[in-house]
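Below is one structure; the comments refer to it alone.
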Amino acid sequence: MQNLFKCLILTAMLVALAGTAMAAKTLVYCSEGSPEGFNPIFYTSGTTFDATAKNVFEGLTHFVRGTTTIEPGMAESWEVSPDGKTYTFKLRKGVKFHSTKHFTPTRDMNADDVIFTFERQWKADHPFHKVSGGSYEYFNGMSMADLLARIEKVDDYTVRFHLSRPEAPMLANLAMDFAVIASAEYADAMMKAGTPEKIDQWPIGTGPFAFQGYKKDALIRYTAFAKYWKGKAPLDKLVFAITPDASVRYAKLKAGECHVMPYPNPADLAAMQADTNINLMQKEGLNVGYLAYNNLVKPFDNLKVRKALNHAINKSAIIDTVFQGAGKPAKNPIPPTIWSYNQATVDDNFDLVKAKKLLAEAGYPDGFEMKLWAMPVQRPYNPNARRMAEVMQADWAKIGVKVEIVSYEWGEYLKRSKDKNRDGAVLLGWTGDNGDPDNFLAVLLGCDGVGGSNRAQWCYQPFEDLIQNAKVVADPKERTKLYEQAQIVFKEQAPWATIAHSVVFEPLSKKVVNYKIDPLGGHIFYGVDLK
Amino acid sequence: MFSFLLKRVSIVIPTFLGVTLLTFALIRLIPGDPVELMAGERGIDPVRHAKLLAEMGLDQPLLVQYWNYLSAIFHGDLGTSLVTREPVLREFFTLFPATLELGTCAIIIAVLIGLPAGIIAAVRRGKATDYTVMGLSLTGYSMPIFWWGLLLILLFSVKLGWTPVSGRISALFWVDEVSGFMLIDALLSDEEGAFISALRHLILPSIVLATIPLAVIARMTRSAMLEVLREDYVQVARAKGLAMPLVICVHALRNALIPVITVIGLQVGVLMAGAILTETIFSWPGIGKWLLDSIQRRDYPSVQGGILLVACLVIFVNLTVDILYGVVNPRIRHNR
Chain A
217 MQNLFKCLIL TAMLVALAGT AMAAKTLVYC SEGSPEGFNP IFYTSGTTFD ATAKNVFEGL
277 THFVRGTTTI EPGMAESWEV SPDGKTYTFK LRKGVKFHST KHFTPTRDMN ADDVIFTFER
337 QWKADHPFHK VSGGSYEYFN GMSMADLLAR IEKVDDYTVR FHLSRPEAPM LANLAMDFAV
397 IASAEYADAM MKAGTPEKID QWPIGTGPFA FQGYKKDALI RYTAFAKYWK GKAPLDKLVF
457 AITPDASVRY AKLKAGECHV MPYPNPADLA AMQADTNINL MQKEGLNVGY LAYNNLVKPF
517 DNLKVRKALN HAINKSAIID TVFQGAGKPA KNPIPPTIWS YNQATVDDNF DLVKAKKLLA
577 EAGYPDGFEM KLWAMPVQRP YNPNARRMAE VMQADWAKIG VKVEIVSYEW GEYLKRSKDK
637 NRDGAVLLGW TGDNGDPDNF LAVLLGCDGV GGSNRAQWCY QPFEDLIQNA KVVADPKERT
697 KLYEQAQIVF KEQAPWATIA HSVVFEPLSK KVVNYKIDPL GGHIFYGVDL K
Chain B
795 MFSFLLKRVS IVIPTFLGVT LLTFALIRLI PGDPVELMAG ERGIDPVRHA KLLAEMGLDQ
855 PLLVQYWNYL SAIFHGDLGT SLVTREPVLR EFFTLFPATL ELGTCAIIIA VLIGLPAGII
915 AAVRRGKATD YTVMGLSLTG YSMPIFWWGL LLILLFSVKL GWTPVSGRIS ALFWVDEVSG
975 FMLIDALLSD EEGAFISALR HLILPSIVLA TIPLAVIARM TRSAMLEVLR EDYVQVARAK
1035 GLAMPLVICV HALRNALIPV ITVIGLQVGV LMAGAILTET IFSWPGIGKW LLDSIQRRDY
1095 PSVQGGILLV ACLVIFVNLT VDILYGVVNP RIRHNR
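Sequence lines, in order, name chains A and B.
If you count by our numbering, then the first sequence holds residues 217 to 747, one letter each, in order.
If you count by our numbering, then the second sequence holds residues 795 to 1130, one letter each, in order.
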């Protein structure tokens, strides 16, 4: 009887230990929404990238975790031709794709996979171009279709990209989520099986986590890929528990139902900081919130008017009331975390007397009336645009500028704000895609963006020359100099009022170790462990 | 009976067409187009914008779009989601069991509590119990669901730790989908503890979703009972010395139930509306949350198809209630 009792206790202890060990290696991430699909080449949202590109796939180049520094990925090395128009990538050998019930790869990743990945998005006559609706927003948005001239397979482990023009940010572009390498063998197998769209529904990549299943709008499950070329992830399983409401995500974190949550409510930050079970990580976001004047219409075509309005914006009040401290005043159009950020530029300080004087010099001693556009949605770079607009309205009233705050539905707002004849100044912002200054300066302030992503409708040749030169120069030091100069020109011309860079907060359970906030906004779980 | 049925069914056809027209028109009346939303701050060049609109069939005149939509419906095709690229019908039926499971539990709770509460309030009219029941039901009826849900989560899940915060089952379980109903699938699965986990996850959202229908049923039962209790035959039964519980259950309740059943039928619509908020708060993967996401993304086919299917469900339930009503009370079908 005594032996039986001992036996029972031992069994119970073993079961308990096994249970603890199993549970200890499953990390639950309370994600903010459902992925739109499982192939990142079709989508632009961070939610979809977290569920796919960030953990399941990999590109030719990588961002070092927690930074925007480029490191080798599927390509172990590369060479750039002197004219900057040819990139030759040496591929890593022995990289395995995941296996599933319906597909087992017979070979390692090679040049065919790289060519398949890009040609699918690029060439309209590619057999997979139209599969699953074929809309490649990021590929086209980054002008890859115009940029690529030819992709050449030199041998099984060497691929050469011929470009139509030099493009210094090319390596950063290839580290983006749309450029992750897919398996050509998997595509062929599914085509033969008559289910080509399966490759977009059941992702097979080379990344640290293999997709296991999706319960729509509820859970996504992954297991650590044992044959991952860098070595198996410390976690055994990864689960995304889809939890759209930020308050509920916080409640789940407190109740121990998840280990990591994104996008907390600013109002909950103080309580999170005080909670001994929560580690509230923070990092400056790779973003900028700005106010874009329409530089093509009166009175904003007058530099003194733009400068006067800039001097009448109380940024510290905005940081306190709108960002509740979770932001930093912005002086440059790129965030300080991006290389080439110019520390030497001088911001337009809050000075109502100077503002009034400048207005008088511009021919508006009694001010004027204008529209101020406030976004209807919360974005990482602006948690409450309406409130921000109200703070500006109050300050500008002191210099005689009467402001009417207007807003539209988000899609309509984005559309109307692009109009060259738009009335007034628009609150908007940007989160970087690849950590390259070009991704901010050319997209938001380049001449090509006028009538589109350049909401200031500002095309200033000295600035344009600098950013175009920086795009074709390969030497990083030279590029840095050019971008620093471009920022000085920007400050002198003031096409925008730069408002703030927000701070990104990531609350996690104290059990989570080695988690790093991705400056690009992703959630990456390779290297993360549980205590 | 046949002409009664024919009349009822003939009303369904224009209602159905009306719903198709309304859903088609309403989603297009909301400003913003799906391509702009998809492109975000980056924007999209006009040529590509036009190309994508054309691919989605949104460049055609509205009448043509509506005709295409209607004819596709009659071929059993509700279109493909602009976002996920999945057929709308498949998405709906993947998510519908979750909503049905939640709605069924909510209506069971609402009837099991609301009916006795209404009876007690009627029997004890003017007394403290009556005031308490009516006060509580008024509070329940006016309760903002979002606030109520969060309050319950904070109290029972975070503070007391009695119930899970959200979802249908613990993230540590992976239950294979057989019926789509988590309680049944969890029972069938090999995973130990899955059923209990599913049951615990169902408690709070069901209570939240049941709150408004419960209040309505309690109030309706009370007023119907009060009316019936004044009837001569009830007075006669009491005068004959029948026990009060017998008078209430056998004589009064049976007649009072007729309007209550109608109200319960109408609650299906209320439940669907409530499901949108409840599912969002509790991360419940049902059609309420799916519809909300689809509206925000201007996913026209999903919104049109989803609302149409929900409307069909409400029409069907009300038609069934109407027919049952006619069966239960022959005077109704003869009068109509």
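All C-beta atoms, glycine included, are put in the ideal place defined by N, C-alpha and C.
Handout entry: Contacting residues, own chain, Cβ-Cβ under 6 Å from A988 (chain B) (five flanking each side not counted)
Key = Residue mapping note: residue 988 (chain B) aligns to position 194 of the second sequence, counting from 1. So the list reads F967, V969 and A980, once near-sequence residues are dropped.
Practice task
Give the residues from the region 821–833 of chain B that approach chain A closer than 8 Å (Cβ to any Cβ), ordered along the chain.
Solution key: Answer in chain order: I824, P825, G826, D827, P828, E830, L831, M832 and A833.
Practice task
May I have the straight-line CA-CA distance separating A483 (chain A) from K634 (chain A), to the nearest angstrom?
Solution key: Along the first sequence, read from residue 1 onward, the residue named residue 483 (chain A) stands at position 267. Along the first sequence, read from residue 1 onward, the residue named residue 634 (chain A) stands at position 418. If you take the alpha carbons of A483 (chain A) and K634 (chain A), they lie about 33 Å apart.
Exercise for the section: Report all residues from its chain with a CB closer than 6 Å to the CB of A237 (chain A); omit the five preceding and five following residues, and keep chain order. Expected result: Counting from one through the first sequence, the residue named residue 237 (chain A) turns up at place 21. With a pLDDT of 40 at A237 (chain A), under the threshold of 50, the predicted position of this residue should be treated as unreliable, and no value is reported.
Exercise for the section: From the DSSP output, in three-state form, read off F337 (chain A) for me. Expected result: Indexing the first sequence from 1 puts residue 337 (chain A) at position 121. Checking the sequence shown, residue 337 (chain A) turns out to be Gln, not Phe. In the displayed model, Q337 (chain A) falls within a helix according to three-state DSSP.
Handout entry: chain A contact for W1084 (chain B) (CB, 9 Å cutoff)
Key = Residue mapping note: residue 1084 (chain B) aligns to position 290 of the second sequence, counting from 1. With its beta carbon less than 9 Å from one in chain A, W1084 (chain B) belongs to the interface.
Practice task
Could you pull out every residue in the same chain whose Cβ sits closer than 6 Å to the Cβ of N730 (chain A), ignoring the five residues on either side in sequence?
Solution key: Start at 1 with the first residue of the first sequence, and residue 730 (chain A) comes out as number 514. Cβ within range, chain order: G743, V744 and D745.
Exercise for the section: Tell me whether the beta-carbon of L469 (chain A) lies closer than 9 Å to the beta-carbon of L243 (chain A). Expected result: Locating residue 469 (chain A) in the first sequence gives position 253, counting from the first residue. Locating residue 243 (chain A) in the first sequence gives position 27, counting from the first residue. Going by C-beta atoms, L469 (chain A) is not nearer than 9 Å to L243 (chain A).
Handout entry: Any chain C beta carbon closer than 9 Å to A483 (chain A)
Key = The displayed structure is made up of protein chains A and B, and chain C is not among them.
Practice task
List the endpoints of the continuous beta strand (DSSP E) containing I715 (chain A).
Solution key: Counting from one through the first sequence, the residue named residue 715 (chain A) turns up at place 499. In the DSSP assignment, I715 (chain A) falls within the unbroken beta strand (DSSP E) covering W712 to S725.
Practice task
Would you please verify whether the beta carbon of F975 (chain B) is less than 9 Å from any beta carbon of chain A?
Solution key: Your numbering for residue 975 (chain B) matches position 181 in the second sequence. Under the Cβ criterion of 9 Å, F975 (chain B) is not counted among the residues facing chain A.
Handout entry: Per-residue burial, M1038 (chain B) [other beta carbons within 10 Å of its own, 16 or more giving buried]
Key = Locating residue 1038 (chain B) in the second sequence gives position 244, where the first residue counts as 1. An exposed status is given to M1038 (chain B), since fewer than 16 other beta-carbon atoms sit within 10 Å of its beta-carbon.
Practice task
Rounded to whole angstroms, what's the CA-CA distance from V1010 (chain B) to R465 (chain A)? Just pull it up for me.
Solution key: To locate residue 1010 (chain B), count along the second sequence from 1; it is residue 216. To locate residue 465 (chain A), count along the first sequence from 1; it is residue 249. Taking the straight line joining both Cα atoms gives about 32 Å.
Practice task
Evaluate contact between the region 1093–1103 of chain B and the region 857–874 of chain B, counting only Cβ atoms and requiring at least three cross-stretch pairs below 8 Å.
Solution key: Taking a cut-off of 8 Å for Cβ pairs, the region 1093–1103 of chain B and the region 857–874 of chain B touch, as three or more such pairs fall below it.
Exercise for the section: Go through its chain and collect everything with a Cβ distance to M1014 (chain B)'s Cβ below 6 Å, but skip five positions before and after it. Expected result: As a position in the second sequence, residue 1014 (chain B) is number 220, starting the count at 1. The answer, listed in chain order, is V1054 and V1057.
Exercise for the section: Please classify S532 (chain A): does DSSP put it in a helix, a strand, or coil? Expected result: The residue labelled residue 532 (chain A) in the question sits at position 316 within the first sequence. In this structure, S532 (chain A) counts as helix in the three-state DSSP scheme.
Practice task
Specify whether the region 330–341 of chain A and the region 391–401 of chain A touch according to this definition: at least 3 beta carbon pairs, one from each stretch, less than 8 Å apart.
Solution key: Yes, they touch.
Practice task
Report all residues from its chain with a CB closer than 7 Å to the CB of Y479 (chain A); omit the five preceding and five following residues, and keep chain order.
Solution key: Translated into positions along the first sequence, residue 479 (chain A) becomes position 263. Short of 7 Å from the beta carbon of Y479 (chain A), and not among the five residues preceding or following it, lie these beta carbons of its own chain, in chain order: E248 and A462.
Problem - Beta carbon proximity, I1042 (chain B) to chain A, threshold 9 Å - result: Residue 1042 (chain B) sits at position 248 when you count from the first residue of the second sequence. Closer than 9 Å to the CB of I1042 (chain B) there is not a single CB belonging to chain A.
Practice task
Could you check which residue in A:P599, A:D564, A:D649 and A:W626 has the C-alpha nearest to that of I704 (chain A)?
Solution key: Residue mapping note: residue 704 (chain A) aligns to position 488 of the first sequence, counting from 1. It is A:D564 whose Cα lies nearest to the Cα of I704 (chain A).
Exercise for the section: May I have the straight-line CA-CA distance separating V803 (chain B) from G1063 (chain B), to the nearest angstrom? Expected result: Along the second sequence, one-based indexing puts residue 803 (chain B) at 9. Along the second sequence, one-based indexing puts residue 1063 (chain B) at 269. Our two residues, V803 (chain B) and G1063 (chain B), have alpha carbons roughly 19 Å apart in a direct line.
Handout entry: S1077 (chain B) (DSSP reduced to helix, strand or coil)
Key = By 1-based counting over the second sequence, the position of residue 1077 (chain B) is 283. Three-state result, S1077 (chain B): coil.
Practice task
Using the Cα positions of T647 (chain A) and P596 (chain A), report the straight-line distance between them to the nearest angstrom.
Solution key: Mapped onto the first sequence, residue 647 (chain A) falls at position 431. Mapped onto the first sequence, residue 596 (chain A) falls at position 380. Those two C-alpha atoms are separated by around 8 Å.
Practice task
Look up F313 (chain A) in the DSSP assignment and say whether it is helix, strand or coil.
Solution key: Taking the first sequence and counting its residues from 1, one reaches residue 313 (chain A) at position 97. Coil at F313 (chain A), not helix or strand.
Exercise for the section: Just the C-alpha distance for S756 (chain A) and G645 (chain A), rounded to the nearest angstrom, thanks. Expected result: In the structure as shown, chain A begins at 217 and stops at 747. Residue 756 (chain A) is therefore absent and cannot be evaluated.
Practice task
Given a cut-off of 9 Å, decide if H318 (chain A) and W418 (chain A) are closer than it, judged by their beta-carbon atoms.
Solution key: For the purposes of this step, residue 418 (chain A) is taken as residue 202 along the first sequence, with counting starting at 1. For the purposes of this step, residue 318 (chain A) is taken as residue 102 along the first sequence, with counting starting at 1. Cβ distance < 9 Å, so W418 (chain A) and H318 (chain A) count as in contact.
Exercise for the section: Check whether the Cβ of C663 (chain A) lies closer than 9 Å to any Cβ atom in chain B. Expected result: On the first sequence, position 447 is the one that residue 663 (chain A) refers to. Interface criterion not met: the Cβ of C663 (chain A) is under 9 Å from no Cβ in chain B.
Practice task
Rounded to whole angstroms, what's the CA-CA distance from L568 (chain A) to Y629 (chain A)? Just pull it up for me.
Solution key: The sequence position of residue 568 (chain A) within the first sequence is 352, counting from 1. The sequence position of residue 629 (chain A) within the first sequence is 413, counting from 1. Within the model, the alpha-carbon separation for L568 (chain A) versus Y629 (chain A) is close to 30 Å.
Problem - Nearest-angstrom Cα separation, counted from P298 (chain A) out to L379 (chain A) - result: By 1-based counting over the first sequence, the position of residue 379 (chain A) is 163. By 1-based counting over the first sequence, the position of residue 298 (chain A) is 82. Rounded to the nearest angstrom, the two C-alpha atoms are 13 Å apart.
Problem - Segment contact flag, the region 937–948 of chain B with the region 1071–1089 of chain B, C-beta cutoff 8 Å, min 3 pairs - result: Yes, the region 937–948 of chain B is in contact with the region 1071–1089 of chain B.
Handout entry: Opposing strand residues paired with I436 (chain A) [DSSP bridges]
Key = The residue given as residue 436 (chain A) occupies position 220 in the first sequence. As DSSP reads the structure, I436 (chain A) sits in a beta bridge with A:Y430 and A:F456.
Exercise for the section: Note down, in chain order, each residue of its chain lying with its Cβ closer than 6 Å to the Cβ of A601 (chain A), except the 5 sequence neighbours on either side. Expected result: In the first sequence, residue 601 (chain A) corresponds to position 385, counting from 1. Within the same chain, A590, M591 and L643 come within 6 Å of A601 (chain A) by CB-CB distance, once the 5 residues on both sides are set aside.
Problem - Inside the region 631–665 of chain A only - beta strand (DSSP E) runs reaching at least 3 residues - result: Within the region 631–665 of chain A, the runs of beta strand (DSSP E) at least 3 residues long that lie entirely inside it are, in chain order, 641–647.
Practice task
Report yes or no: do three or more beta-carbon pairs, one from the region 607–615 of chain A and one from the region 646–660 of chain A, lie closer than 8 Å?
Solution key: A contact between stretches requires three or more CB pairs, one per stretch, nearer than 8 Å, and the region 607–615 of chain A fails this requirement with the region 646–660 of chain A.
Exercise for the section: Taking only beta-carbon positions, decide if F1076 (chain B) is within less than 9 Å of chain A. Expected result: As a first step, residue 1076 (chain B) is located in the second sequence; it is residue number 282 there, counting from the start. By this cut-off, F1076 (chain B) is an interface position.
Practice task
Just the C-alpha distance for W712 (chain A) and K687 (chain A), rounded to the nearest angstrom, thanks.
Solution key: Residue mapping note: residue 712 (chain A) aligns to position 496 of the first sequence, counting from 1. Residue mapping note: residue 687 (chain A) aligns to position 471 of the first sequence, counting from 1. Answer to the nearest angstrom: the Cα atoms are 22 Å apart.
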